[in-house]
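Working notes, structure below.
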Amino acid sequence: MRRRQNAGFNSQIVEGIVFAGISIFIITIASGMNPYRSWALAPGLFPIIVGAIILVLSVSLIIQGLRKRDAKTGSFDRVDWLRILLVMGLTIVYVWLLPLLGFIAVSIPYLALMLLILGEKRWWLVGTISVGTILSLYYAFGVLLSVYLP
Amino acid sequence: MFEQILMAMDLRFIFLVMVGAFAGLVVGAMPGLSVTMATAILVSVTFTWAVKDAMALMMGVYVVGVFSGAISAILINIPGAPASVATTLDGFPMTMKGQARKALWIATFYSFIGTLFGLIMLALVARPVTKIALQFSPMDYFLLALFGLTTVGSLTSKNFLKGLLSAAFGVMISLIGVDPIMGTPRFTFGSLRLYAGISLIAALIGLFGFSEILIQIGQRSLAPIAGKLGREKVSLRRLLRYLPLSIQSAIIGTVIGALPGTGGPVASLIAYDQAKKTVRKPEVPFGEGAVEGIVASESANNACIGGALIPMLTLAVPGDAVTAVLLSAMYVHGLRPGPLLFTQTPELFYIIIAAGIIGSLAILLLGVGVAPLMARMVLIPKKILLPVVAVLCMIGAYAINSSVFDVLIMAIFGFLGFIMRRKGYAVAPMVLGIVLGSLMDANFRRAVSLASAGDNLIISMFSRPISIVLVAFILISLLSNFGFVKTGIRKLFARKPTETKEE
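Chains A and B, in that order, give the protein sequences. What the first sequence shows, in this note's numbering, is residues 46 to 195, in sequence order. What the second sequence shows, in this note's numbering, is residues 101 to 603, in sequence order.
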């Protein structure tokens, strides 16, 4: 229990440090966005202000993390990471193949694999749902609603 | 006026509004298919039609499309449109508690009330509201957007600081792309695909929809979202209990709708924030399935329709994206909306109000008849529902710009949303930041530029009465999120216990 509380406390400080780093990066890049030498209309003006606000909030988050040792910062204790990573990996491959093979050819195996990853074992159901759903969606979007699908 | 509105309603007119309404129900409930896109397609289809028929069809799509964004927001936690973001906050928790049917009833009834209120306001106060809206300077628009951002306190039930960080990063994300004033690329890191910026809809589907899928997939149990739809009947008496809150939210919706460039998302979030502050004892806490949250959000975003039509009809200045398309449709038909509308083509004003009223009745019909059938989807086991919703997310993200890059953006935001939600960072403030960021950026720089010509920058920027009122609202909204202020106010209005004892 004690270890979990400490993990939460450290997590908020780490998040604050990461956000502070991002804000400094934003401010540094935005500082160079003033090609007309007038800050009033400079493209970098607003990003600098937002970056500064993020920096202040990040420091506040670090301070809050230091003060509230028992702060609940959320956890990944009960997450099935294997499933998450499989779905994310499958989605990236889907996005990569979509323009190459087209909507129907990529979406049917994507949907079938997703069903299998989530534990559906009946092959006939996997086949029926994936083919039926994708063809129905193609008809609804591509034909009826005139949405161009790859 | 009443007679003229009634005269516009013949059978053909009613039929066309209903056809549009059904299309609006489908389009609005599908994330990625926007009402704007549907009305834009209709302009090309109806440009040879009589103006009355064309307006009937388009108004049907517009009115019901705004309402039906709530259906997917309530059932699967994916807002059909940005205006329904606030509806997810209490709608989806109600579904998970087995109260999907009740949530849909509430959304239906108060979308109807909101739409009707907005249309009545359009008929009655079109001109005065327009006069106020016309006086808004760039600084006022910036302050209004900032006021919208201060509602993050309502969107984050746990940690206000994390909510602010989420909103600030949302604003930052909205700044990616070509700068709207000078045309300079910002934070694109050489990628041409980022020049157009991050697609709001792709980010919205990712943050709400795909992240929800990842969260559900990450759980060991994949039982249906809800075990039951709930058979609880909502009596008319019980429904009417929320009428004062609905009117309050509808007023907010109408006024904000009348301000060009703001629209439904801002209106519903501000109304939600105000509801949270004014409703002392909701049936359940806000964010956990409070009926009041749905009432506020849906009344406001539907009242925006009447509000957005006010400047469009009287000044030819569209209040939101859909009214911009409607405006172009009017020009295609050779009409000239604006100050001369009431003298040259007064019938158009009544046609639009008549179509809106029939559209609002269509909300009731479709909300009661069709939405409960759609609600049955939450009874499907998650191992079947989630993959299908994932494919819908892909299509939704792709459909906006026919861009595979947007699908990638959606997936990235989905993973980001998953991490954020697990770590206690609400995603709604980030969406709010993305919606309001570019509006804030452009107006702030215009305001600074205009004020820099004056003697004192600060006085030039903040001395106008509207600006002062908005600054006061922002300060009140911000301070009300801090615990010590809440305690102070409570103490101020509470009876002192010592005095009671003495009595």
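Yeah, the Cβ is synthetic: ideal placement off N, Cα and C, and Gly gets one too. None of the values given here were measured: they were computed from a predicted structure.
Touching by the beta-carbon criterion (3+ pairs, under 8 angstroms), the stretch 301-317 of chain B and the stretch 499-514 of chain B: Taking a contact to require three or more Cβ pairs closer than 8 angstroms, the stretch 301-317 of chain B and the stretch 499-514 of chain B qualify as touching.
Own chain residues within Cβ distance below 8 angstroms of Leu265(B), not counting five before or after: Counted from its first residue, the second sequence places residue 265(B) at position 165. Tyr525.
Could you pull the DSSP bridge partners for Arg286(B) from this structure? As a working mapping, residue 286(B) is identified with position 186 in the second sequence. Looking at the DSSP output, Arg286(B) shares a beta bridge with Gly277(B).
Of the listed residues Leu246(B), Leu485(B), Gly248(B), Val151(B), nearest to Val171(A) (C-alpha basis): Translated into positions along the first sequence, residue 171(A) becomes position 126. For Val171(A), the nearest C-alpha among the options comes from Leu485(B).
Counting only Cβ-Cβ distances shorter than 9 angstroms, please list the residues of the stretch 468-492 of chain B near chain A, keeping chain order. Answer set for the stretch 468-492 of chain B: Pro481, Lys482, Lys483, Ile484, Leu486, Pro487, Val488, Ala490, Val491, Leu492.
For a contact meaning CB atoms closer than 9 angstroms, what does Ala499(B) contact in chain A? As a first step, residue 499(B) is located in the second sequence; it is residue number 399 there, counting from the start. Chain A residues near Ala499(B): Phe186, Leu190, Val192, Tyr193, Leu194.
Check the Cβ-Cβ distances between Arg128(A) and every residue of chain B, and say whether any is below 8 angstroms. Counting from one through the first sequence, the residue named residue 128(A) turns up at place 83. Interface annotation, Arg128(A): in contact with chain B, CB-CB separation under 8 angstroms.
Spatial neighbours of Ile566(B) in its chain, beta-carbon cut-off 7 angstroms, leaving aside the 5 residues before and after: Mapped onto the second sequence, residue 566(B) falls at position 466. Only Gln235, Phe236, Asp240 meet the Cβ criterion.
Supposed close pair Asp506(B), Ser299(B) - CB separation, criterion 8 angstroms: Counting from 1 along the second sequence, the entry for residue 506(B) is found at position 406. Counting from 1 along the second sequence, the entry for residue 299(B) is found at position 199. Confirmed, Cβ separation roughly 5 angstroms.
Just confirm the distance between the C-beta atoms of Ser168(B) and Gly128(B), as a whole number of angstroms; I'd bet it's less than 8 angstroms. Within the second sequence, numbered from 1, the residue matching residue 168(B) stands at position 68. Within the second sequence, numbered from 1, the residue matching residue 128(B) stands at position 28. Between Ser168(B) and Gly128(B), the beta carbon gap of about 3 angstroms places them in contact (Cβ cut-off 8 angstroms).
Could you compute how far the alpha carbon of Ile74(A) sits from the alpha carbon of Pro280(B)? Position 29 of the first sequence holds residue 74(A). Position 180 of the second sequence holds residue 280(B). Those two C-alpha atoms are separated by around 18 angstroms.
Taking C-beta pairs closer than 8 angstroms, name the residues in chain A that Val504(B) reaches, listed in chain order. Here residue 504(B) refers to the residue found at position 404 of the second sequence. Residues of chain A passing the Cβ test: Val140, Leu143, Pro144, Pro195.
Quick check on DSSP: helix, strand or coil for Asn556(B)? As a position in the second sequence, residue 556(B) is number 456, starting the count at 1. The answer is coil: DSSP assigns Asn556(B) none of H, G, I, E or B.
Determine the extent of the alpha helix (DSSP H) in which Leu249(B) is found, giving its start and end residues. Translated into positions along the second sequence, residue 249(B) becomes position 149. Its alpha helix (DSSP H) spans residues 238-249.
Please say whether Leu180(A) and Val491(B) have beta carbons closer to each other than 8 angstroms? Indexing the second sequence from 1 puts residue 491(B) at position 391. Indexing the first sequence from 1 puts residue 180(A) at position 135. With respect to Leu180(A), Val491(B) sits apart: the two C-beta atoms are not nearer than 8 angstroms.
Closest Cα partner of Val166(B) within the set Ala156(B), Gly180(B), Leu157(B), Met155(B): To locate residue 166(B), count along the second sequence from 1; it is residue 66. Per the Cα distances, Gly180(B).
Min CB distance Arg545(B) to chain A below 8 angstroms: Against the second sequence, residue 545(B) aligns to sequence position 445. Arg545(B) belongs to the set of residues whose beta carbon lies under 8 angstroms from a beta carbon in chain A.
Check whether the Cβ of Leu180(A) lies closer than 8 angstroms to any Cβ atom in chain B. As a working mapping, residue 180(A) is identified with position 135 in the first sequence. Answer no: the Cβ-Cβ gap between Leu180(A) and chain B never drops below 8 angstroms.
Relative to the C-alpha of Ala87(A), which candidate in Gly263(B), Gly283(B), Ile519(B) has its C-alpha closest? Here residue 87(A) refers to the residue found at position 42 when the first sequence is read from its first residue. Of the listed residues, the one whose Cα sits closest to Ala87(A) is Gly283(B).
Would you mind telling me which residues of chain B sit closer than 8 angstroms to Ser105(A), beta carbon to beta carbon, in chain order? By one-based count along the first sequence, residue 105(A) stands at place 60. Those are Leu261, listed as they occur along chain B.
Hey, out of Cys493(B), Arg564(B), Ala551(B), Met561(B), whose CA is closest to Phe186(A)'s CA? Along the first sequence, one-based indexing puts residue 186(A) at 141. The residue with the shortest Cα to Cα distance from Phe186(A) is Cys493(B).
Is there a C-beta anywhere in chain A that falls below 8 angstroms from the one on Val119(B)? Along the second sequence, one-based indexing puts residue 119(B) at 19. Val119(B) does not count as touching chain A.
is_contact[Val163(B), chain A] using C-beta, thresh 8 angstroms: Looking up residue 163(B) in the second sequence gives position 63. No, Val163(B) lies away from the interface with chain A (no Cβ there is under 8 angstroms from its Cβ).
Which bits of chain B does Leu160(A) rub up against, with CB to CB less than 8 angstroms? Position 115 of the first sequence, counting from 1, holds the residue named residue 160(A). From the beta-carbon of Leu160(A), the residues of chain B found nearer than 8 angstroms are Lys483, Ile484, Pro487.
At what residues does the alpha helix (DSSP H) containing Leu86(A) begin and finish? Here residue 86(A) refers to the residue found at position 41 when the first sequence is read from its first residue. Judged by DSSP secondary structure, Leu86(A) falls outside any alpha helix (DSSP H); it is assigned neither H nor E.
Write down every uninterrupted run of the alpha helix (DSSP H) in the stretch 313-400 of chain B whose length is 4 residues or greater and which is fully enclosed by it, in chain order. Fully enclosed alpha helix (DSSP H) runs of no fewer than 4 residues occupy 336-340, 343-357, 364-378 of the stretch 313-400 of chain B, in order along the chain.
How many Å lie between Ala333(B) and Lys202(B) at the Cα? Your numbering for residue 333(B) matches position 233 in the second sequence. Your numbering for residue 202(B) matches position 102 in the second sequence. Residue identity check: residue 333(B) is Lys in the sequence provided, not Ala. Going from the Cα of Lys333(B) to the Cα of Lys202(B) covers about 7 angstroms.
Beta-carbon proximity list for Pro195(A), same chain, < 6 angstroms, skipping 5 on both sides: Position 150 of the first sequence, counting from 1, holds the residue named residue 195(A). Within the same chain, Pro195(A) has close Cβ partners Leu143, Pro144, Gly147, Phe148.
Kindly indicate if chain B contains any beta-carbon less than 8 angstroms away from that of Ala85(A). Within the first sequence, residue 85(A) is the residue found at index 40, counting from 1. It does: the Cβ of Ala85(A) has a partner Cβ on chain B nearer than 8 angstroms.
Step through the CB atoms of chain B and report whether any lies within less than 8 angstroms of the CB of Pro154(A). Numbered from its first residue, the first sequence carries residue 154(A) at position 109. By this cut-off, Pro154(A) is not an interface position.
Run through DSSP, which three-state label would Glu165(A) get? Mapped onto the first sequence, residue 165(A) falls at position 120. The answer is coil: DSSP assigns Glu165(A) none of H, G, I, E or B.
If you measure between the beta carbons of Phe209(B) and Leu339(B), is that distance less than 8 angstroms? Along the second sequence, one-based indexing puts residue 209(B) at 109. Along the second sequence, one-based indexing puts residue 339(B) at 239. Between Phe209(B) and Leu339(B), the C-beta spacing is below 8 angstroms.
Relative to the C-alpha of Val143(B), which candidate in Ile174(B), Leu464(B), Val432(B), Ser211(B) has its C-alpha closest? Looking up residue 143(B) in the second sequence gives position 43. Selected option, being the one with the closest Cα: Val432(B).
Sequence-distant residues of the same chain with beta carbon closer than 7 angstroms to Leu294(B), five excluded per side: One-based indexing of the second sequence puts residue 294(B) at position 194. So the list reads Ile276, Gly277, Thr288, once near-sequence residues are dropped.
Out of curiosity, what's the CA-to-CA distance linking Ser560(B) and Ile568(B)? Your numbering for residue 560(B) matches position 460 in the second sequence. Your numbering for residue 568(B) matches position 468 in the second sequence. Those two C-alpha atoms are separated by around 12 angstroms.
For a test of the three-state rule: what should DSSP assign to Leu532(B), helix, strand or coil? Position 432 of the second sequence, counting from 1, holds the residue named residue 532(B). In the structure shown, Leu532(B) sits in a helix (DSSP, three-state: H, G or I).
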